[in-house]
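The listed protein sequences derive, respectively, from chains A and B.
Each residue of the first sequence is one higher than the last, beginning at 55 in this note's numbering.
Each residue of the second sequence is one higher than the last, beginning at 7 in this note's numbering.
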Amino acid sequence: MSTVPYAQRVAKPNGWWGMVVFVATEATLFGTLIGSYYDLRFRTPRWPPAGVPDPKVAVPLILLAVLVSTSIPVQLASVFARAGRTAATRLALLTALVLQSGYLALQIHLYVDDLHRFSPQATAYGSIYFTMVGAHHAHVLVGIVLEAWLLLRLFGGNTVYRAVGVQATAFFWHAVNVLAVAVTIVQLSPSL
Amino acid sequence: MSFNRMPLFVFAMLAVSLSLIFALPSLTTDLVFLELQRKVGFHFFDVAHGGDALLWQHLFWLFGHPEVYIIILPAMGIATSIIPTFAKRKMVAFPLVALAELLVAFIGFGVWGHHMFATGLPVGALVFFAAASMMVVIPSTIQIYAWLFTVNLGRPEFRAPLLFIGGFIGLFVIGGLSGIMFAAVPFDQATTDTYFVVAHFHFIIFGAAVFPILGGMYYWFPKVTGRMYHERLAQASFWVTFAGTMLTFFPMHIVGLLGMTRRVYTYHAGFGWDAYNLAETVGAFILAFGLLMIFGNLLWSRFRGAPSGPDPFFGGTLEWTTSSPPPPYNFPVIPRVSSPYPNWDRVEGGLQLDHGHETPATTVRDGHFDEVLKMPSESGLPIVLAFSVTVLFIMLLTTHFVVAGIFAGIAGLVLAAWHAQEPAEQ
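Below, the structure written as structure tokens:
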């Protein structure tokens, strides 16, 4: 269990390739969401429309910085898992999990707060805003579930199979963080 | 198997897979928007609340045009499988055809606007989409000439599968010639939503996409069942199907130019469309009879056909090196592959895997042996997961959100149970 798990294999593991394909579809999904945002924006004389407040800037940017910084513990977990350092893998995953869960909790709070200020059912702005931002939060939730699952499995020890899982999940998180930058910039763009 | 030894059919399927990855999310977004608008009261497509009706069309066709190539690329792949076998030589311009298949899929992402030439897009967009649509001609023509020259330079034997490919090439050229007319914006704007468009896409979607599938059904029937189809009846069925197709769809060009619009179920007499539409109806019956001949032939041969042996056509690709029908493990010895036509360029030796469900993994580009993979065993969990997800989405569609939530929970539990089964480590 403590040996280097798949040093004999040259190619990236199949599980990692599966995650690459999944990330490709999800990135395209966000591409179409952002494209739709600008399609609707350039047809509307006032954006956001009258009666809808401009998006807040400071708090989402700070949260974004926190989320992007979790790429570091996630990548460390991937390196530790492949090196067979199980305790270090667990610690890195736990660090990322705490930061990301805190991020998601605050973001859900902001989301509910936004829902009280303007409705997705009143204007196209509200519709695309809550759909796009909600899709992003859903992806953060998926990443947290993947990580929590792996953490649970790793309490039973590290294996090649689980190390591939950590590597693939790390790739997923890097992709989510890149998408987070794109989504947040679009979300804040009316105030910038 | 390294890239330079991949058959052209596999290149076509690679192009299809890449297109699917990047085309389907657009449809997903579109359908989620539609569902949110219809069931939850969001606004994406209604102008009164700041929405954009054309957004639906943009997202749909950003999926929809790549989808056309997703439909037709497997047909092109089947053509590149059948032609070398019956022309008894390798495909002409092999690398060009492989690149053309990938290029068709790639250009397919830049042409969706040609479905929207009559919706009032800006002139710059019209020019871009017109130019991109004309570019598709280049990789398509490369393939057509490669197919024709392979037949011409070989010793062709016109058995039923090759006849269907011949019909395919003819129908594809007719559909392609009307297709290139639509790339010219003024012509498209004049013929949008007429039967001329209906004629075009039936030549492509029926003539070009279905004919190779019919030929492929005859071609791989002996491989799948171990029995031969009836050759004479198969050749007759081609001529009936081809005549039916031409008679059904060709007059649509003419009635379209005479002004008949799409999506009408009746019209007044005296527009001069009657005889053409009667001919189309007669053609449809002939076509249906041709299809019945094909399926009747295959059904009869399934039980009464002569035994075919492993390789009745002396095909070049790997499937002809194993018995017909193939055993569940395909090959007792993992074959060594020296070229895209390994049955014609045989090399001896290979890997034997006899410890249960195992398969070799290779490096990505060069195809060197890398690792023995343990494949998963039978499990009932995937089908239960598929069923739960199906019910989940039906419940979302019918706004039974609580039941949907229950099935989402079931799906999550099944997923967890599935992933709790881990492979044993050596």
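For each residue, glycine too, the CB sits at the ideal point set by N, CA and C.
Values in this document were obtained by computation on a predicted structure and should not be read as measured data.
Own chain partners of L14 of chain B with C-beta closer than 8 Å, once the 5 adjacent residues on each side are dropped
For the purposes of this step, residue 14 of chain B is identified with residue 8 of the second sequence, where counting begins at 1. If you ignore the 5 residues before and after L14 of chain B, its C-beta comes within less than 8 Å of the C-beta of G83, T86, S87, M97, F100, V103, A104, E107, P346, all in its own chain and listed in chain order.
I believe T365 of chain B touches L83 of chain A by the beta-carbon criterion, under 8 Å. Please report the beta-carbon distance rounded to the nearest angstrom.
Within the second sequence, residue 365 of chain B is the residue found at index 359, counting from 1. Within the first sequence, residue 83 of chain A is the residue found at index 29, counting from 1. Going by Cβ atoms, the distance from T365 of chain B to L83 of chain A rounds to 32 Å, so no, they are not a contact pair.
Taking a Cβ distance cut-off of 7 Å, strictly less, list which residues of the region 72-91 of chain A are near chain B, in chain order.
Taking 7 Å as the Cβ-Cβ cut-off against chain B, the residues of the region 72-91 of chain A that qualify are V75, A78, T79, T82, L83, T86, L87, S90.
Less than 8 Å between CB atoms is the rule here; does E377 of chain B satisfy it with respect to chain A?
Your numbering for residue 377 of chain B matches position 371 in the second sequence. Judged by the 8 Å Cβ criterion, E377 of chain B is in contact with chain A.
Taking the alpha-carbon of L154 of chain B as reference, which of B:M141, B:V142, B:G173 has the nearest alpha-carbon?
As a first step, residue 154 of chain B must be located in the second sequence, where it is residue number 148. Among B:M141, B:V142, B:G173, the Cα nearest to that of L154 of chain B is on B:G173.
F172 of chain A and P114 of chain A: beta carbons closer than 8 Å?
One-based indexing of the first sequence puts residue 172 of chain A at position 118. One-based indexing of the first sequence puts residue 114 of chain A at position 60. Not closer than 8 Å, so no.
Chain A beta carbons: is any one of them nearer than 8 Å to that of P429 of chain B?
Here the question's residue 429 of chain B lines up with position 423 in the second sequence. At least one chain A Cβ lies under 8 Å of P429 of chain B.
Contacts around W350 of chain B, its chain only, beta-carbon distance under 7 Å, and the 5 residues preceding and following it disregarded:
If you number the second sequence from 1, residue 350 of chain B lands on position 344. Hits under 7 Å: G322.
Give me the Cβ distance between V110 of chain B and L79 of chain B, rounded to the nearest whole Å; I'm assuming they're in contact under 8 Å.
What you label residue 110 of chain B is simply residue 104 of the second sequence in a count that begins at 1. What you label residue 79 of chain B is simply residue 73 of the second sequence in a count that begins at 1. Their Cβ separation, rounded to whole angstroms, is 7 Å, which keeps V110 of chain B and L79 of chain B in contact under 8 Å.
Please confirm whether A229 of chain A has its beta-carbon closer than 8 Å to some beta-carbon of chain B.
Taking the first residue of the first sequence as position 1, residue 229 of chain A is located at position 175. Closer than 8 Å: no.
Which same chain residues, not among the five before or five after F9 of chain B, have their C-beta less than 7 Å away from its C-beta?
If you number the second sequence from 1, residue 9 of chain B lands on position 3. Excluding residues within five positions, the ones whose Cβ falls inside 7 Å are R371.
Just the chain A side, please: which residues come within less than 8 Å of L61 of chain B by C-beta, in chain order?
Looking up residue 61 of chain B in the second sequence gives position 55. Neighbours of L61 of chain B on chain A, chain order: S90, D93, L94.
With DSSP collapsed to three states, give me the class of F375 of chain B.
What you label residue 375 of chain B is simply residue 369 of the second sequence in a count that begins at 1. DSSP places F375 of chain B in strand when its eight states are reduced to three.
From which residue to which residue does the beta strand (DSSP E) around A367 of chain B run?
Numbered from its first residue, the second sequence carries residue 367 of chain B at position 361. Here the beta strand (DSSP E) through A367 of chain B covers 364-368.
For S32 of chain B, would you say it is in contact with chain A, using Cβ-to-Cβ distances shorter than 8 Å as the test?
Against the second sequence, residue 32 of chain B aligns to sequence position 26. Yes, because at least one Cβ of chain A sits closer than 8 Å to the Cβ of S32 of chain B.
With three or more beta-carbon pairs closer than 8 Å as the criterion, would you say the region 178-189 of chain B touches the region 202-216 of chain B?
Taking 8 Å as the limit for Cβ pairs, the verdict is that the region 202-216 of chain B does touch the region 178-189 of chain B.
Cβ-based burial, L61 of chain B [other Cβ within 10 Å; buried from 16]:
For the purposes of this step, residue 61 of chain B is identified with residue 55 of the second sequence, where counting begins at 1. By the 10 Å Cβ count, L61 of chain B comes out buried.
Threshold first: 4 residues or longer. Then list the alpha helix (DSSP H) segments lying entirely within the region 14-43 of chain B, N to C.
14-41, all fully within the region 14-43 of chain B.
Can A423 of chain B and L387 of chain B be called in contact, C-beta distance under 8 Å?
Residue numbering aside, residue 423 of chain B sits at position 417 when the second sequence is read from its first letter. Residue numbering aside, residue 387 of chain B sits at position 381 when the second sequence is read from its first letter. Yes, the pair counts as a contact, with Cβ atoms nearer than the cut-off.
Drop a sphere of 10 angstroms on the beta-carbon of A61 of chain A, count the other beta-carbons inside from all chains shown, and report buried for 16 or more, exposed for fewer.
Taking the first sequence and counting its residues from 1, one reaches residue 61 of chain A at position 7. The predicted position of A61 of chain A is uncertain, since its pLDDT is 48 and thus under 50; a value taken from the coordinates is nonetheless stated next. Within 10 angstroms of the beta-carbon of A61 of chain A lie fewer than 16 other beta-carbons, which makes it exposed.
Contacts that P103 of chain A makes with chain B (C-beta to C-beta distance below 8 Å):
Start at 1 with the first residue of the first sequence, and residue 103 of chain A comes out as number 49. Under the 8 Å cutoff, chain B gives G56.
Do the region 219-227 of chain B and the region 249-269 of chain B meet, that is, are 3 or more Cβ pairs less than 8 Å apart?
Judged by pairs of C-beta atoms under 8 Å, the region 219-227 of chain B does not touch the region 249-269 of chain B, as fewer than three such pairs exist.
Using the Cα positions of S314 of chain B and L357 of chain B, report the straight-line distance between them to the nearest angstrom.
Taking the first residue of the second sequence as position 1, residue 314 of chain B is located at position 308. Taking the first residue of the second sequence as position 1, residue 357 of chain B is located at position 351. Whole-angstrom Cα-Cα distance: 28 Å.
Contact defined as beta carbons within less than 8 Å: I believe D199 of chain B pairs with H120 of chain B. What is the distance between those atoms, to the nearest angstrom?
Against the second sequence, residue 199 of chain B aligns to sequence position 193. Against the second sequence, residue 120 of chain B aligns to sequence position 114. So it is not a contact: roughly 14 Å between Cβ atoms.
Would P109 of chain A count as contacting chain B if we go by Cβ distances under 8 Å?
Numbered from its first residue, the first sequence carries residue 109 of chain A at position 55. Between P109 of chain A and chain B, the shortest Cβ-Cβ separation is not below 8 Å.
What does the Cβ neighbour count give for R100 of chain A, buried or exposed, with the cut at 16 atoms within 10 Å?
The residue labelled residue 100 of chain A in the question sits at position 46 within the first sequence. R100 of chain A is exposed by the Cβ-count criterion.
For the alpha helix (DSSP H) containing G185 of chain B, name the first residue and the last one.
Within the second sequence, numbered from 1, the residue matching residue 185 of chain B stands at position 179. 166-188 is the span of the alpha helix (DSSP H), which, as asked, contains G185 of chain B.
Where F50 of chain B meets chain A, residues with beta-carbon distance less than 9 Å
In the second sequence, residue 50 of chain B corresponds to position 44, counting from 1. Within chain A, the C-beta atoms nearer than 9 Å to that of F50 of chain B come from S90, L94, A178, S181, I182, T185, in chain order.
Does any residue of chain B bring its CB to less than 8 Å from the CB of T98 of chain A?
One-based indexing of the first sequence puts residue 98 of chain A at position 44. Yes, T98 of chain A lies at the interface with chain B (some Cβ there is under 8 Å from its Cβ).
Report, in whole angstroms, the separation of the C-beta atoms of A119 of chain A and A229 of chain A, which I expect to be a contact under 8 Å.
In the first sequence, residue 119 of chain A corresponds to position 65, counting from 1. In the first sequence, residue 229 of chain A corresponds to position 175, counting from 1. Not really, about 18 Å apart at Cβ, beyond 8 Å.
Cα-Cα separation between L164 of chain A and H170 of chain A, rounded to whole angstroms
Counting from 1 along the first sequence, the entry for residue 164 of chain A is found at position 110. Counting from 1 along the first sequence, the entry for residue 170 of chain A is found at position 116. When the Cα atoms are used, L164 of chain A and H170 of chain A turn out to be separated by approximately 10 Å.
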